[in-house]
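Letter 135 of the sequence shown, counting from 1, is numbered 135 in this note's numbering, and no numbers are missing.
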Amino acid sequence: MIRLLLVLFTLVGFLIFSYPFLVAQVSLGKKDPHARDLETIKVVRSVFKVLLKLAGVTVTVKGAENIPEDTAVLYVGNHRSYFDILAGYTTVPTLLGFVAKKEMEKIPLLRTWMVNVNCLFLDRKNIKEGLKMILQGIEKVKNGVSIWIFPEGTRNPNEDITELLPFKEGSLKIAEKSGCPVVPVAMTGTAEVLEKHFPFITPSHITIYYGKPFYVKELETEDRKHPGAYTRNVLIRMLKEMQEEKQ
């Protein structure tokens with residue numbers, strides 16, 4: 001419980017006392033949006049590293065050579081924990097935004113920080129708003145910001161990490177329409193931090209595996225029709241590979 005309180009107090013304290021920084025970022029964003037993005041994500045990465053340390057979490061990155069540094073991409077990952085996001089932001093070295101559920105947009109201060117680190121808010125009940133979010137994602141990718149999405153749509157509670165929930169086929173539209181590469185990302189050890197024994201935080205080792213990038217347009221005809229299912233199968237193979245390496 002002590003670790004949970006430390007993480008919560010640190011996060012809440014940061015959100016409250018960072019308000020002057022946010023005000024300054026609004027001004028900077030009007031003059032130089034790119035500079036604001038770089039400053040904001042630098043701060044967020046530093047805070048997330050502190051939160052991971054307080055939680056007793058260590059992270060191993062596999063496939064770091066598959067993280068493009070010269071182009072924006074669509075990261076597609078499995079989703080088991082809030083700590084997936086911390087692991088993602090602290091291991092991708094370029095500008096990055098996550099697709100988050102619409103409800104997160106209602107939280108004061110947190111919403112502003114999320115907007116400043118290029119997060120997109122998805123309303124899963126409104127098709128029109130969903131299409132609008134895809135267009136926003138395409139624009140961000142064209143401006144050099146990578147986007148990270150969890151096509152399962154929610155945190156997966158299955159005990160077997162290879163039993164992924166069905167992927168939303170529309171989740172890869174950002175890559176299809178922008179022509180950017182897709183990087184599959186498999187993670188293990190994140191649910192062990194919190195979700196498996198909520199409300200307690202337990203030290204855990206997270207392994208994050210970045211797979212080889214691919215372009216939707218270069219897939220076989222049948223896979224191009226169902227890129228979500230294709231990517232899901234890629235992630236399942238990666239997760240099985242990670243399981244075998246532990247044995």
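Note that the Cβ used here is the ideal one computed from N, Cα and C, for glycine as well.
Going by DSSP, name the residue or residues bridged to residue i.
| i | result |
| --- | --- |
| ALA186 | TYR209 |
| ILE236 | DSSP, once it has assigned bridges, lists no residue as partnering ILE236. |
| TYR89 | Partner(s): none; TYR89 has no beta bridge. |
| THR60 | THR207 |
| LEU74 | ILE147 and VAL182 |
My assumption, with CB atoms under 8 Å, is that residue i sits in contact with residue j. Please give the rounded CB distance.
| i | j | result |
| --- | --- | --- |
| ALA87 | THR190 | 6 Å |
| GLY179 | LYS217 | 7 Å |
| VAL115 | VAL44 | Going by Cβ atoms, the distance from VAL115 to VAL44 rounds to 12 Å, so no, they are not a contact pair. |
| PRO184 | THR112 | Rounded, the Cβ-Cβ distance is 31 Å, inconsistent with contact. |
| GLY144 | ILE174 | That belief does not hold up - the Cβ atoms of GLY144 and ILE174 are roughly 14 Å apart, past 8 Å. |
Go to residue i, then tell me how far its beta strand (DSSP E) extends in each direction, as first and last residue.
| i | result |
| --- | --- |
| PHE121 | 120-122 |
| SER178 | That residue, SER178, is in no beta strand (DSSP E); its alpha helix (DSSP H) goes 173-178. |
| SER146 | 146-149 |
| LYS101 | 96-101 |
Which word fits residue i, buried or exposed, when buried means at least 16 other C-beta atoms lie within 10 angstroms of its C-beta?
| i | result |
| --- | --- |
| PRO20 | exposed |
| ALA55 | buried |
| LEU131 | exposed |
| ALA35 | exposed |
| GLU244 | exposed |
With respect to the alpha helix (DSSP H) encompassing residue i, which residues constitute its N-terminal and C-terminal limits?
| i | result |
| --- | --- |
| TYR215 | Element bounds for TYR215: n/a, residue is neither H nor E. |
| LYS31 | 19-31 |
| ARG224 | 221-225 |
To which residues of the same chain is residue i closer than 7 Å at the C-beta, ignoring the five residues directly before and after it?
| i | result |
| --- | --- |
| LEU4 | PRO199, PHE200 and ILE201 |
| LYS102 | PHE121, LEU122 and ASP123 |
| ALA64 | TYR210 |
| TYR89 | VAL44, ARG45, PHE48 and LEU96 |
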